[in-house]
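**Student:**
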Amino acid sequence: MRATHRRRRPASQLPPLKPVLIVLHQEHSTSGRVGRLLQARGHALDIRKPRYGDPLPQTMADHAGAVIFGGPMGANDPDDFIKTEIDWIGTCLREDAPFLGICLGAQMMAKHLGARVYTHGEGRAEVGYYKLDQTDHGRLHATEAGFAWPDTVYQWHRDGFDCPTGAECLATGGDFPVQAIRAESRCYGIQFHPEVTPAMMCRWSIRGHERTLMPGAQLRHMHLDGWYQYDPAIRLWLDGFLDHWLKAPAEAASV
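Read in UniProt numbering, the sequence shown has 78 at position 78, and its numbers run on one by one without any break.
1) Proline 194 to threonine 84, Cα distance in whole Å?
2) Please say whether proline 164 and alanine 110 have beta carbons closer to each other than 8 angstroms?
3) With H, G and I counted as helix, E and B as strand and the rest as coil, what does DSSP make of valine 183?
4) Report yes if the C-beta distance between glutamine 191 and histidine 223 is below 8 angstroms; otherwise report no.
5) Which of the three DSSP states is assigned to histidine 157 in this structure?
6) Decide if aspartate 136 is buried, meaning its Cβ has at least 16 other Cβ atoms within 10 Å, or exposed.
7) For the pair the region 122-137 and the region 98-109, tell me if three or more CB-CB distances fall below 8 angstroms.
8) Counting along the chain, where does the beta strand (DSSP E) carrying lysine 131 start and finish?
9) If you check the beta carbons only, do leucine 17 and alanine 64 fall under 8 angstroms apart?
10) For threonine 4, which three-state DSSP category applies?
11) Measure the alpha-carbon distance for valine 34 versus glycine 121 and round it to whole angstroms.
12) Give the DSSP bridge partners of phenylalanine 99, in chain order.
13) Run the CB neighbour count on arginine 94, radius 10 Å, all protein chains shown included, and call it buried at 16 or more, exposed below.
14) Along the beta strand (DSSP E) that carries alanine 40, what are the first and last residues, could you check?
15) Can you tell me whether alanine 217 is buried or exposed? The criterion is at least 16 other CB atoms within 10 Å of its CB, across all chains shown.
16) Using a threshold of 7 angstroms, is the CB atom of leucine 56 nearer than that to any non-hydrogen atom of the ligand SAH?
17) Taking the CB atoms as reference points, tell me whether tyrosine 230 and threonine 152 lie closer together than 8 angstroms.
18) Based on Cα-Cα distance, which residue from Pro177, Cys187 and Gln155 lies nearest to glycine 166?
19) So, phenylalanine 99 versus isoleucine 89, is the Cβ gap smaller than 8 angstroms?
20) Within the same chain, show all residues whose beta-carbon is closer than 6 angstroms to that of glycine 123, passing over the 5 residues directly before and after it, in chain order.
21) Going by C-alpha to C-alpha distance, which of Leu170, Ser185, Asp159 and Val196 sits closest to arginine 211?
22) Terminal residues of the continuous beta strand (DSSP E) containing cysteine 202?
23) Take alanine 142 as the anchor and find which of Leu219, Leu56 and Leu242 has the nearest alpha-carbon.
24) Let me check understanding here. Comparing Cα to Cα, which of Cys92, Asp79 and Ser29 lies closest to glutamine 58?
25) Are the beta-carbon atoms of phenylalanine 176 and glutamate 126 separated by less than 8 angstroms?
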């Protein structure tokens with residue numbers, strides 16, 4: 001019998017990639033560099049703001065992943081939209097859909113999983129660039145996934161969280177020991193802000209100037225200096241992380 005060869009369809013005939021759900025918390029918030037890199041990979045951004053009445057999907061079947069970003073509010077706040085987002089994270093966990101919680105989003109994920117979310121006992125904050133240390137789980141994960149974690153990252157928070165039971169702590173820090181976690185195989189929470197751009201950094205440090213004066217925080221000029229020193233490694237990590245995060249389960253398992 002003569003062998004037949006199936007011709008690969010050209011890219012123009014491939015189905016479009018699913019959008020990524022982007023959850024933001026302020027009227028003028030943006031997804032920053034994370035959003036731009038997702039779009040560069042061919043994903044549209046489905047931007048929703050539950051704080052202003054936008055609904056969240058009942059399933060992740062129509063989305064390639066979801067990112068909940070940060071904000072000035074806290075995961076322990078009593079607002080209805082905070083509870084709605086915390087509860088909704090269960091959708092991603094149940095379906096093992098790609099989920100990334102950044103700062104507030106990570107704290108929401110930890111709270112959903114039953115962990116403590118807390119304000120530092122001495123009123124300290126991490127605002128600026130701080131060292132990040134990988135755990136054994138983090139080193140193993142980085143090796144398997146094929147990317148290196150940055151050793152210094154940009155932070156903007158005064159709340160922290162404990163590692164939930166059943167999750168892995170991938171990275172630790174100083175005043176807030178838990179800096180990155182993974183639950184299931186594709187759900188991550190990170191305290192730091194890889195999405196930040198120089199414009200975002202300037203806006204945050206001007207509008208939130210009082211945060212730069214808190215115990216443990218760094219003054220505004222140190223943020224801008226740190227960008228040139230530390231951001232190249234953060235960008236490399238983010239590129240590798242997003243490629244790994246967006247892989248289909250079969251692809252990720254084969255890495």
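All C-beta atoms, glycine included, are put in the ideal place defined by N, C-alpha and C. Since the structure is predicted, the reported quantities are computational estimates derived from the model, not experimental observations.
**Tutor:** For this structure:
1) Here residue 194 corresponds to residue number 194 of the sequence shown, with the count starting at 1. Here residue 84 corresponds to residue number 84 of the sequence shown, with the count starting at 1. If I take the Cα positions, the gap works out to 25 angstroms.
2) Reading the sequence shown from its first residue, position 110 is the one you call residue 110. Reading the sequence shown from its first residue, position 164 is the one you call residue 164. Contact: yes.
3) For the purposes of this step, residue 183 is identified with residue 183 of the sequence shown, where counting begins at 1. For the sequence presented, residue 183 should be read as alanine rather than valine. Under the three-state reduction of DSSP output, alanine 183 falls in the strand class.
4) As a first step, residue 191 is located in the sequence shown; it is residue number 191 there, counting from the start. As a first step, residue 223 is located in the sequence shown; it is residue number 223 there, counting from the start. No, the pair does not count as a contact, with Cβ atoms beyond the cut-off.
5) To locate residue 157, count along the sequence shown from 1; it is residue 157. Residue state, collapsed to three classes: strand.
6) Mapped onto the sequence shown, residue 136 falls at position 136. That one is exposed.
7) no
8) In the sequence shown, the residue the question calls residue 131 occupies position 131. Unbroken beta strand (DSSP E) run through lysine 131: 126-131.
9) Working through the sequence shown from its first residue, we reach residue 17 at position 17. Working through the sequence shown from its first residue, we reach residue 64 at position 64. Cβ atoms of leucine 17 and alanine 64: closer than 8 angstroms.
10) Here residue 4 refers to the residue found at position 4 when the sequence shown is read from its first residue. Because the pLDDT of threonine 4 is 43, which lies under 50, any placement of that residue in the model is unreliable, and the question is left without a value.
11) To locate residue 34, count along the sequence shown from 1; it is residue 34. To locate residue 121, count along the sequence shown from 1; it is residue 121. Going from the Cα of valine 34 to the Cα of glycine 121 covers about 32 angstroms.
12) As a working mapping, residue 99 is identified with position 99 in the sequence shown. DSSP output for phenylalanine 99 lists Ala66 and Cys187 as bridge partner(s).
13) Within the sequence shown, residue 94 is the residue found at index 94, counting from 1. Result: exposed.
14) The residue given as residue 40 occupies position 40 in the sequence shown. No beta strand (DSSP E) contains alanine 40, which is instead part of the alpha helix (DSSP H) from 32-40.
15) Within the sequence shown, the letter at position 217 stands for residue 217. Alanine 217 is buried by the Cβ-count criterion.
16) No copy of the ligand SAH occurs in the structure displayed, which carries no ligand at all.
17) Counting from one through the sequence shown, the residue named residue 230 turns up at place 230. Counting from one through the sequence shown, the residue named residue 152 turns up at place 152. Yes, they are a contact pair.
18) Counting from 1 along the sequence shown, the entry for residue 166 is found at position 166. Taking only the C-alpha atoms, the option nearest glycine 166 is Cys187.
19) Translated into the one-based positions of the sequence shown, residue 99 becomes position 99. Translated into the one-based positions of the sequence shown, residue 89 becomes position 89. Contact flag set, yes.
20) Counted from its first residue, the sequence shown places residue 123 at position 123. Cβ neighbours of glycine 123 beyond the five flanking positions: Pro215.
21) Within the sequence shown, the letter at position 211 stands for residue 211. With distances taken between Cα atoms, arginine 211 lies closest to Asp159.
22) Position 202 of the sequence shown, counted from the first residue, corresponds to residue 202. Element bounds for cysteine 202: not the beta strand (DSSP E) but the alpha helix (DSSP H), 198-207.
23) Mapped onto the sequence shown, residue 142 falls at position 142. Comparing Cα positions, the closest option is Leu242.
24) As a first step, residue 58 must be located in the sequence shown, where it is residue number 58. That would be Cys92, whose Cα lies nearest to the Cα of glutamine 58.
25) As a first step, residue 176 is located in the sequence shown; it is residue number 176 there, counting from the start. As a first step, residue 126 is located in the sequence shown; it is residue number 126 there, counting from the start. Yes, Cβ-Cβ distance for phenylalanine 176 and glutamate 126 is below 8 angstroms.
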